[in-house]
Amino acid sequence: AISTDDLTLPDAHHGVAVPREDGSVVLTEGTEDSRSTVLIQDADGEEIARTDDCPGVHGEAVAADGVITLGCENGIVIVDGDSIEHIAADVDYARIGNQAGSDASPVVLGDYKTDPDAEQENPTQVSLTDTASGEIQVVDLPASYAFRSLARGPEGEALVLGDDGTLRVIDPESGDITAEVPVTEAWDEPADWQQPMPSLTVSDDLAFVSDPEAQRISIVDLTKAEDGAEAVVTSYELPQVPNEVAVASGAVAEGAAEHGEDDGHEGHDHGDEDADEHEGHDH
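The letter at position 165 of the sequence shown is residue 199 when you use the working numbering, and the numbering goes up by one with no holes.
As C-alpha cells, this is what we get:
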C-alpha cells in the first residue's frame with residue numbers, strides 16, 4: 035500500500051513539497067500573487083529552517099547525496115540536510131525555474147532567463163549549479179530551448195534539446211559542449227505552454243526525443259553521442275501528435291523484494307525526486 039500524508043499551508047500557490055527519507059519535507063510557501071519562501075519541516079511538522087529570499091520560487095531537482103535545489107528569480111536555493119542556502123546570481127534578475135538533477139552529479143542543470151519584461155523569453159544560456167561549492171556557472175548555447183528540453187544522462191551529463199533540433203551534451207563540471215546530435219528539424223516554442231512541443235526524456239543510456247510536427251519519436255544512444263547523427267538509432271512514426279512523454283522500461287527496481295505471503299511494499303526508496311522536474315513550465 036502507498037502511504038500518504040497531508041500538509042496544510044497558509045495559502046494556495048504554485049509550489050512544491052519534497053518528502054525526504056527521515057520524514058522531513060522541503061516545501062514552498064506563497065500566495066496566488068507571489069511566492070518567495072522555501073522551508074524545511076521535520077517529521078512532526080515543526081519548522082527547521084527557512085529562507086524568504088527566493089522570489090518566484092519554481093521547480094526543484096535532486097542532486098547527488100540527496101541535495102535539493104529550488105529555482106528563484108535571483109538565483110537558486112540549495113537544501114542540504116537541515117541547511118538552506120540561497121545562491122545569488124551575478125545579475126539582478128536571473129530566473130532559474132526548470133531544473134534537472136542526477137544522483138551521479140552534485141551539479142544541477144537549470145534554465146537561465148534574464149529578461150524580466152519578456153512574456154516568452156527564448157533563452158540561449160543554461161545554468162550549472164554546483165551544490166557542493168555553491169557556484170552557478172552560466173553556459174552559452176548556439177540555440178534556444180524550452181522547458182521540456184532539459185535532462186540528464188546516465189553519468190550525470192547535462193542534456194539540452196535546442197530549438198535548432200540538436201541535442202547537446204554538456205560536461206556538468208567544465209560547461210563544455212562535448213557532443214551534438216541532430217535529431218529533429220528546427221522548431222519554435224509555442225506561445226501556449228500546454229501545446230505540443232519537442233520534449234526530451236531519458237532512460238538509462240537512451241534519450242527519447244518527441245517531434246510533434248513530424249508525429250515521430252526518435253531514440254538517441256547517448257553512448258554514441260560523439261558520433262553525431264549516427265547516435266540516432268531509430269525513429270518511430272506515431273498515430274497521434276506526441277505531447278508529454280514518459281518511459282516505462284518494465285525493469286524491476288534494484289533491491290525490490292521478491293513477493294511472498296508476508297511481503298509488502300514498505301521501505302521503497304522513491305528516488306525519482308530528480309525526475310520532476312515538475313515539468314516546471316513557465317506561465
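Beta carbons are placed, not taken as given, at the ideal position from N, Cα and C, and that holds for glycine.
Simplified DSSP state of residue i, which is helix, strand or coil
{"i": "T42", "result": "coil"}
{"i": "G93", "result": "strand"}
{"i": "G64", "result": "strand"}
{"i": "T134", "result": "Here residue 134 is Ala; the residue named in the question, Thr, does not match the sequence. DSSP places A134 in strand when its eight states are reduced to three."}
{"i": "A51", "result": "strand"}
{"i": "A282", "result": "coil"}
{"i": "G79", "result": "coil"}
{"i": "D86", "result": "coil"}
{"i": "A123", "result": "coil"}
{"i": "A241", "result": "strand"}
{"i": "D222", "result": "coil"}
{"i": "A265", "result": "helix"}
Residues that DSSP places opposite residue i in a beta bridge
{"i": "E260", "result": "Note: E260 sits in no beta bridge, so no partner."}
{"i": "I204", "result": "A192 and I211"}
{"i": "A128", "result": "N108"}
{"i": "T163", "result": "V142 and I170"}
{"i": "Y270", "result": "I251"}
{"i": "A185", "result": "L193"}
{"i": "P216", "result": "T200"}
{"i": "D114", "result": "S117"}
{"i": "I74", "result": "V60 and A83"}
Close beta carbons around residue i, own chain, < 6 Å, minus the five adjacent residues each side
{"i": "V101", "result": "D114 and T165"}
{"i": "V60", "result": "V52, I74, I102 and V113"}
{"i": "L256", "result": "G187, D239 and A241"}
{"i": "D45", "result": "T65"}
{"i": "D137", "result": "A98"}
Buried versus exposed call for residue i [16 or more other C-beta atoms within 10 Å across all chains shown]
{"i": "A192", "result": "buried"}
{"i": "D296", "result": "In this prediction, D296 has a pLDDT of 40, which is less than 50 and means its spatial position is unreliable; nothing more can be read from the coordinates."}
{"i": "E107", "result": "buried"}
{"i": "L41", "result": "exposed"}
{"i": "E81", "result": "exposed"}
{"i": "E153", "result": "exposed"}
{"i": "I36", "result": "exposed"}
{"i": "L184", "result": "buried"}
{"i": "L201", "result": "buried"}
{"i": "T38", "result": "exposed"}
{"i": "V281", "result": "exposed"}
{"i": "G284", "result": "exposed"}
{"i": "S68", "result": "exposed"}
{"i": "D197", "result": "buried"}
{"i": "S208", "result": "exposed"}
CB of residue i within 8 Å of CB of residue j, strictly
{"i": "L234", "j": "L195", "result": "yes"}
{"i": "I253", "j": "V267", "result": "yes"}
{"i": "G187", "j": "V236", "result": "yes"}
{"i": "A122", "j": "Y146", "result": "no"}
{"i": "G93", "j": "G131", "result": "yes"}
{"i": "A263", "j": "P216", "result": "yes"}
{"i": "H120", "j": "G105", "result": "no"}
{"i": "T71", "j": "C88", "result": "yes"}
Residues of its chain near residue i, where Cβ-Cβ distance is below 8 Å and the 5 sequence neighbours each way are ignored
{"i": "I204", "result": "L143, V160, L162, V173, E191, A192, L193, V194, D210, I211 and T212"}
{"i": "S269", "result": "R250, I251, S252 and I253"}
{"i": "P224", "result": "P230 and M231"}
7 Å CB neighbourhood of residue i in its chain, flanking five on each side removed
{"i": "P230", "result": "P246, V275, P276 and N277"}
{"i": "S139", "result": "A97, A98, G190 and P206"}
{"i": "E271", "result": "Q249 and R250"}
{"i": "S244", "result": "P232, S233, I251, P276 and V279"}
{"i": "D78", "result": "none"}
{"i": "A265", "result": "V215, V254, D255, K258 and A259"}
Beta carbon proximity, residue i to chain B, threshold 8 Å
{"i": "E219", "result": "As a matter of chain content, chain B is missing from the structure shown, which is built from one protein chain."}
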